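Read in order, the letters of the sequence shown are residues 8 to 376 in the working numbering.
One structure is given below, encoded as C-alpha cells.
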Amino acid sequence: MPEETVLQVFVSSPGDVQRERDRIDAVVERLNGEYAGRVRIRTIRWETRYYSSHDTFQAQIPEAAECDLVLAVFGARLGSPLPESFPAMPDGERYPSGTAYEILTAMEARRAGKGIPDIYVFRRPTAPLVALDAADRAEIESQWRRLSAFFETWFRARSGEFLAAFQEFATTDEFAGKVEDCLRQWLARRGFPPESVKWDRARLGSPYPGLDAFDEGRRTVFFGRRVAIEQALRRIRDVEIGEGDNAEGESVPFVLLIGASGSGKSSLLRAGVLPRLGRPGAVPEIDLWRRAVTVPGLDPFASLAEALLEPDALGQELAGTPLADRALLAKHLAADPEVALAPLAAALAGAAEARRRVAGFETARLAQL
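Structure follows, in C-alpha cells:
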C-alpha cells in the first residue's frame, strides 16, 4: 500500500483574522478525513507553538518558503513591525511586517525556480470601522494605510495593474468556501484529484429518487447544498468548542433545519449533513457518531425506539438487554424517560470505549447521539 504523502501548509496572517485561521484548520481536518490514506495536510501556525525567549518570534517560526503551500490572509492589519536587527530585503529595505516577510520570501523562493511553495493570498477589502473617539483609532488607521501600501507595491498598483494574483472575500463563510475550493484544486494539481463520482445505473437505477428524499446512499450525487451543509456543521462545531451563539452559558448541541415543505430539508440532513458529520475531523475531538433518524407518526415514541435500535444507532449495544424490545423501550421513553436514558447513556459510553480500544486513545470520550 502506498505511503501517505504529507504536505505542509504554512498559514500566514496578522492577528485580526483569527476566525479565518480557525476555518482553515476546519477545512484541512475535513479534507484530511476525505483524502485519508492518500495525502495528509499538516498546517503550520505560529500560535500553536512555544518559542524560547533567547530570540524573536519571527526568527524561530519555521520558514514559509520551505513549505509546500503558503496560505496568507489579510483583514485590516499588515502586522507588527520586525526588529531593526532582522535581515532586510534584497534591496536593503526592511520587511514591512512578519507576515509580509513570510509572503515575500515565499514569492522569492518560487520565482527563483525552487518549485515550492505555491502562494495564495486572501484579502477582505472592506475598510475597518472605527469610532472617532476610539483610543486605538490612530493604530487602526495606520495599519490600514500600511496594508493598502503593501498591496499597492506587491499585488495591485494604484493604476489598477495587477502585479501578483490574490483573492478577495467578504465573509468568513465565503472565505472558508474559497479556501476549500483552492485546496481541492491544489491537491488535484499535486496529483491527488478527488475520487470520481461513480453511479452504477444498471444496478442502482436513476440517481434521482423522485419525490423521496436523497439519503446517504445517494450522497455522492447530492450537489448544490455545500453552504447549507457547512453552516449546519459549523453550528455543531461552535457548540463543541464554545464559540458562536453558544459561547456563553450552557451548550446545547441542537441544530434545527427550517424550510418550506418540499424545499429539501430531509435530503440536506440525510445526504448532506449526516454523512459529512461522520467523517474524521468534521468536529474536533469527536471520532465516533451514532445516528437515529426518525419520522414521528401516530406514535412518535415507537418511531424513536425503532430508530434507536437500528445498527447505526445503538442496536448492537442494546442487544441482549431488556431495552432491545422495541415496545418496552417505547413505553419507557413515553412514561419514564429517566429510566430509558440511563441504559442509553451506558450504551453510548460502551461505544466510546470500544472505539478507544480500536484507535488506541488514552481516554474514551462520550459518543454523540
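By construction, the Cβ of each residue, glycine as well, lies at the ideal position given by its N, Cα and C atoms.
Source: prediction; values computed, not measured.
In chain order, what residues of the same chain have a beta carbon less than 8 Å from the beta carbon of residue i, not counting five sequence neighbours either side?
i	result
residue 59	67
residue 301	307, 310, 311, 313 and 314
Report yes if the C-beta distance between residue i and residue j is below 8 Å; otherwise report no.
i	j	result
residue 50	residue 35	yes
residue 214	residue 232	no
residue 31	residue 186	yes
residue 73	residue 182	no
residue 235	residue 274	no
residue 76	residue 16	yes
residue 124	residue 71	yes
residue 295	residue 197	no
residue 326	residue 298	no
residue 3	residue 105	Lying outside 8 to 376, the shown extent of the chain, residue 3 is not represented and no answer is given.
residue 391	residue 242	It is not possible to answer for residue 391, since the shown part of the chain is limited to 8 through 376.
residue 147	residue 83	yes
residue 151	residue 134	yes
residue 42	residue 284	no
Does DSSP classify residue i as helix, strand or coil?
i	result
residue 80	strand
residue 127	strand
residue 375	The predicted model places residue 375 with a pLDDT of 49, which falls under 50 and marks its position as unreliable; any figure quoted below should be read in that light. Residue state, collapsed to three classes: strand.
residue 31	helix
residue 16	strand
residue 169	strand
residue 297	coil
residue 10	coil
residue 227	helix
residue 21	coil
residue 346	helix
residue 52	coil
residue 290	coil
residue 237	helix
residue 175	strand
residue 232	coil
residue 363	helix
residue 47	strand
residue 101	coil
residue 267	coil
residue 273	helix
residue 36	helix
residue 304	coil
Excluding five sequence neighbours on each side, which residues of the same chain lie with their C-beta closer than 7 Å to the C-beta of residue i?
i	result
residue 341	308
residue 329	335
residue 136	none
residue 223	277, 278, 281 and 282
residue 18	28, 31, 50, 51, 52 and 78
residue 179	26, 27 and 30
residue 303	310
In chain order, what residues of the same chain have a beta carbon less than 6 Å from the beta carbon of residue i, not counting five sequence neighbours either side?
i	result
residue 352	none
residue 163	169
residue 127	78 and 189
residue 80	20, 24, 27 and 129
residue 350	330
For the putative contact between residue i and residue j, defined by C-beta atoms under 8 Å, what is the C-beta separation to the nearest angstrom?
i	j	result
residue 337	residue 316	Their Cβ separation, rounded to whole angstroms, is 10 Å, which puts residue 337 and residue 316 out of contact at 8 Å.
residue 176	residue 131	6 Å
residue 199	residue 45	6 Å
residue 96	residue 111	7 Å
residue 153	residue 103	6 Å
residue 359	residue 324	Residue 359 to residue 324, Cβ: 10 Å. No contact.
Along the chain, where does the alpha helix (DSSP H) containing residue i start, and where does it finish?
i	result
residue 211	208-211
residue 186	179-196
residue 110	105-118
residue 147	144-161
residue 333	333-342
residue 283	281-284
residue 202	Note, residue 202: premise wrong, no alpha helix (DSSP H); not H, not E.
residue 325	322-325
residue 309	307-315
Please report the residue range of the beta strand (DSSP E) in which residue i lies.
i	result
residue 68	From DSSP, residue 68 is part of no beta strand (DSSP E); its letter is neither H nor E.
Do we get a CB-CB distance below 8 Å when we pair residue i with the residues of chain B?
i	result
residue 205	Of the chains in the structure shown, none is chain B; there is only one protein chain.
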